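Participant:
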Amino acid sequence: MNMFERTLASLNDAALDPGRWPKASGLIDEVLGTRGSTLACGDGETAADYRTHFMWICHRGQRRRDVERFWYETYYPLDERIPRLRRLPFYRLCHITDLYTEEERKASEAYNTLQTVGHAGNAIDVRLDGTKGSRILWEINDRVDGEAWSSTQLDTIRRLLPHVRQTVHVQQAMAHANALGKTLTELLDSTGLGIVQLDARGRIAAANDRARDVLRRGDGLFDRDGFLAARSRLDDDRLQALLNRALPPFGAQGSGGSTIVRRSGALHPLLLRLCPVGRRQASFPAWPVAALVLIVDPEEEQVVDPAEAAAVFDLTRMESRVAALLARGKSVSQIAASTGRKESTIRSHVKNMLAKHGCTRQAELARMVQSLGSAGNGRS
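The numbering of the sequence shown is our numbering, which starts it at 243 and goes up by one.
(1) DSSP on residue 527, reduced to helix/strand/coil?
(2) With a Cβ-Cβ cutoff of 9 angstroms, do residue 316 and residue 300 count as a contact?
(3) Compute the distance between the beta-carbons of residue 445 and residue 468, then report whether it is under 9 angstroms.
(4) Would a C-beta distance cut-off of 9 angstroms place residue 333 and residue 377 closer than the cut-off?
(5) With DSSP as the reference, label residue 609 as helix, strand or coil.
(6) DSSP has residue 501 in a bridge; who is on the other side?
(7) Buried or exposed: where does residue 387 fall if 16 or more other Cβ atoms within 10 Å of its Cβ makes it buried?
(8) Can you check the stretch 274–359 for any alpha helix (DSSP H) of at least 4 residues that lies completely inside it and give the ranges in chain order?
(9) By DSSP, does residue 391 sit in helix, in strand, or in coil?
(10) Could you check the C-alpha separation between residue 321 and residue 412 for me, to the nearest Å?
(11) By the three-class DSSP mapping on this structure, what secondary structure does residue 449 have?
(12) Confirm, please, whether the CB-CB distance from residue 461 to residue 500 is below 9 angstroms.
(13) Quick one, which of 364, 329 and 356 has its alpha-carbon nearest residue 337's?
(14) For residue 593, tell me which candidate among 574, 582 and 581 has the shortest Cα-Cα distance.
(15) What span of residues does the beta strand (DSSP E) with residue 574 cover, start to end?
(16) Alpha carbon to alpha carbon, how far is residue 268 from residue 304?
(17) In the structure shown, what three-state DSSP assignment does residue 436 receive?
(18) For residue 490, which residues in the same chain have their Cβ closer than 7 angstroms to its Cβ, ignoring the five residues on either side in sequence?
(19) Looking at residue 405 and residue 250, is the spacing between their C-beta atoms short of 9 angstroms?
(20) Our contact map puts residue 550 next to residue 595 with C-beta atoms below 8 angstroms; I'd like the distance itself, whole angstroms only.
(21) Checking 9 angstroms against the spacing of the C-beta atoms, do residue 375 and residue 407 come in under that value?
(22) From the DSSP output, in three-state form, read off residue 415 for me.
(23) For residue 274 and residue 382, which I take to be in contact (beta-carbon distance under 8 angstroms), what is that distance rounded to the nearest angstrom?
(24) Closest by CA to residue 414, which one among 356, 342, 335 and 435?
(25) Go through its chain and collect everything with a Cβ distance to residue 525's Cβ below 6 angstroms, but skip five positions before and after it.
(26) Nearest-angstrom Cα distance between residue 457 and residue 463?
(27) Please state whether DSSP places residue 536 in a helix, a strand or coil.
(28) Return yes when the Cβ of residue 518 is within less than 9 angstroms of the Cβ of residue 498, no when it is not.
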C-alpha cells in the first residue's frame, strides 16, 4: 500500500471515528510536505446566523486544541477573509493571500497570526459542500520547505477533496445516529440507522434490525442472493458503481460515497452512505468487514431536534424551530400560537424554507425535515 492509499485508508477510519482525524491529517502532511491543516464545518450565510459545528487544527499529526481556542476566541471575529471564504465557489483551490487585500496583508492581525502561529501564511483554502446546506472548509498549511506550491501538490490536494468531503459526510450521518466511535458490533445494535456490513466481495456479512426490515420489504432496496441491489435499473447502476469503487479487487483501498434509492408511490427515497472500513489486504480476500452501508429512511416518524435541522438544512434559528414543529404535524396557526409569532411571520419562514430547498408544498418540506428524526432515532 503506497502513501496515498494509506492516507485514504486513514480518512475512511476517521469517517467512523473523528478521534482518528489527526492521524489522517498527519499522513496528508507527509504526502504534501506541509505543516498541518484546519478542517471546519458550519452553516449560515451571514455573521449573524453563522454557526461553526467543529474546527480541528492539526500540526504534523497532533491536534492543537490550544491553537483552536486561541484562534476562535481572539482572531476569528477579526479575520477579514471570512466573508470572502463564504462566497468561495466549491472545490476551487484558493491561495490564502488572494483572500486579503494588499493593505490587509500588511496590517491584519488575523493574517499576521496565521503566518506566525498557524504556519498558514502561504496556505491553500478550499470550500466543500456539506450535507443539506452545511459547508466544509479545509485549509492546508504552508509547505515545510517554504517553497511555492507545485502543480503536483495542487493536483494531489484535488485528488483528496472528495475523500475529505466524504469523511465529514459520514461523520455527520453517524453523529445524527449517535453512533460515532462505536465498534462494528455496537453499530449493528444501533437503532438510529440501518447498518449493513459488507465483506470484501460485497456480500452482506451482517445487518441490524432496521436494515433487515428495509431489505425484507424490498421496496427500492433488497437482498439479491446475498448482495445489495436496487429495484430501479438506474438506481442499481449507481449503487453497483458505488460498491465497485468502495470495494475494488486485489485488496486496493476503496473510496466512499453516497447515493439514493427510489421507492414506489409517494415515499421519499432511501439515502445510502457507503464507507470502506480500515485496511484491507490482498492476502485476505474474505476480510470479515470491508465496508459499511448506512441507510437513512426519511419516512420514519421521529422527533426532530431544531438545532440539527438548522445545521443540516441551512436554516436560521427561527426557521429551524418552525421546521421541527412542521415535522411534528403542527399547523401554521398552532406554530404561531406556540412560538408567540404572527401567522404571517410563520408563513414567511415556511416560504423561505420552501424556496431554499426547492419544495413546492409544505407537506414535502415537513417530510424532508422528518428524515433527521430517522437518522437520529436511538440517541441516548
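From the three backbone atoms N, C-alpha and C, an ideal C-beta is built for every residue, glycine too. Because the structure is a prediction, the values reported are computed rather than measured.
Facilitator: For this structure:
(1) Position 285 of the sequence shown, counted from the start, is the residue given in the question as residue 527. Caution is warranted here: a pLDDT of 39 is assigned to residue 527, below 50, making its placement in the model unreliable, and the coordinate value is therefore given only provisionally. Coil.
(2) If you number the sequence shown from 1, residue 316 lands on position 74. If you number the sequence shown from 1, residue 300 lands on position 58. It is not a contact, given that the beta carbons lie outside the stated cut-off.
(3) For the purposes of this step, residue 445 is identified with residue 203 of the sequence shown, where counting begins at 1. For the purposes of this step, residue 468 is identified with residue 226 of the sequence shown, where counting begins at 1. A contact, by the Cβ cut-off of 9 angstroms.
(4) Along the sequence shown, read from residue 1 onward, the residue named residue 333 stands at position 91. Along the sequence shown, read from residue 1 onward, the residue named residue 377 stands at position 135. Against a cut-off of 9 angstroms, the Cβ pair of residue 377 and residue 333 comes out as no contact.
(5) Stepping through the sequence shown from its first residue, residue 609 is reached at position 367. Helix, per DSSP.
(6) Against the sequence shown, residue 501 aligns to sequence position 259. For residue 501, the beta-bridge partners assigned by DSSP are 514.
(7) Taking the first residue of the sequence shown as 1, we reach residue 387 at position 145. So residue 387 counts as exposed.
(8) Listed in chain order, the complete alpha helix (DSSP H) runs (minimum 4 residues) inside the stretch 274–359 are 307–312, 324–327, 344–349 and 351–358.
(9) For the purposes of this step, residue 391 is taken as the residue at position 149 of the sequence shown. Here residue 391 sits in coil by DSSP.
(10) The sequence position of residue 321 within the sequence shown is 79, counting from 1. The sequence position of residue 412 within the sequence shown is 170, counting from 1. In this structure, the alpha-carbon of residue 321 lies about 30 angstroms from that of residue 412.
(11) Start at 1 with the first residue of the sequence shown, and residue 449 comes out as number 207. Residue 449 carries a strand assignment under DSSP once its states are collapsed to helix, strand and coil.
(12) As a first step, residue 500 must be located in the sequence shown, where it is residue number 258. As a first step, residue 461 must be located in the sequence shown, where it is residue number 219. No, these two residues do not count as a Cβ contact at 9 angstroms.
(13) Walking along the sequence shown from the start, residue 337 turns up at place 95. Checked all of 364, 329 and 356; the closest Cα to residue 337 is 364.
(14) Translated into the one-based positions of the sequence shown, residue 593 becomes position 351. Among 574, 582 and 581, the Cα nearest to that of residue 593 belongs to 574.
(15) What you label residue 574 is simply residue 332 of the sequence shown in a count that begins at 1. For residue 574, no beta strand (DSSP E) segment is defined; the enclosing uninterrupted segment is the alpha helix (DSSP H) at 574–581.
(16) As a first step, residue 268 must be located in the sequence shown, where it is residue number 26. As a first step, residue 304 must be located in the sequence shown, where it is residue number 62. Going from the Cα of residue 268 to the Cα of residue 304 covers about 7 angstroms.
(17) Locating residue 436 in the sequence shown gives position 194, where the first residue counts as 1. Residue 436: strand per DSSP, three-state reduction.
(18) On the sequence shown, residue 490 is found 248 positions in, with the first residue counted as 1. The beta carbon of residue 490 lies closer than 7 angstroms to those of 496 in the same chain, with the five residues before and after it left out.
(19) To locate residue 250, count along the sequence shown from 1; it is residue 8. To locate residue 405, count along the sequence shown from 1; it is residue 163. Residue 405 is positioned such that its CB atom lies closer than 9 angstroms to that of residue 250.
(20) Here residue 550 is taken as the residue at index 308 of the sequence shown, counted from 1. Here residue 595 is taken as the residue at index 353 of the sequence shown, counted from 1. Incorrect: roughly 15 angstroms between the Cβ atoms, too far for contact.
(21) Here residue 375 corresponds to residue number 133 of the sequence shown, with the count starting at 1. Here residue 407 corresponds to residue number 165 of the sequence shown, with the count starting at 1. In this structure, residue 407 does not lie closer than 9 angstroms to residue 375 by Cβ.
(22) The residue labelled residue 415 in the question sits at position 173 within the sequence shown. Note: residue 415 maps to helix in three-state DSSP.
(23) What you label residue 274 is simply residue 32 of the sequence shown in a count that begins at 1. What you label residue 382 is simply residue 140 of the sequence shown in a count that begins at 1. Here residue 274 really is in contact with residue 382; their C-beta atoms are around 7 angstroms apart, less than 8 angstroms.
(24) Here the question's residue 414 lines up with position 172 in the sequence shown. When each option's Cα is compared against that of residue 414, the closest is 435.
(25) If you number the sequence shown from 1, residue 525 lands on position 283. Note that residue 525 scores 35 on pLDDT, short of 50, meaning its location in the model is unreliable and no value can be drawn from it.
(26) Sequence index remark: in the sequence shown, residue 457 carries index 215 (1-based). Sequence index remark: in the sequence shown, residue 463 carries index 221 (1-based). Going from the Cα of residue 457 to the Cα of residue 463 covers about 6 angstroms.
(27) Residue mapping note: residue 536 aligns to position 294 of the sequence shown, counting from 1. In the structure shown, the three-state DSSP call for residue 536 is strand.
(28) Within the sequence shown, numbered from 1, the residue matching residue 498 stands at position 256. Within the sequence shown, numbered from 1, the residue matching residue 518 stands at position 276. Their beta carbons are under 9 angstroms apart, which means residue 498 touches residue 518 by this criterion.
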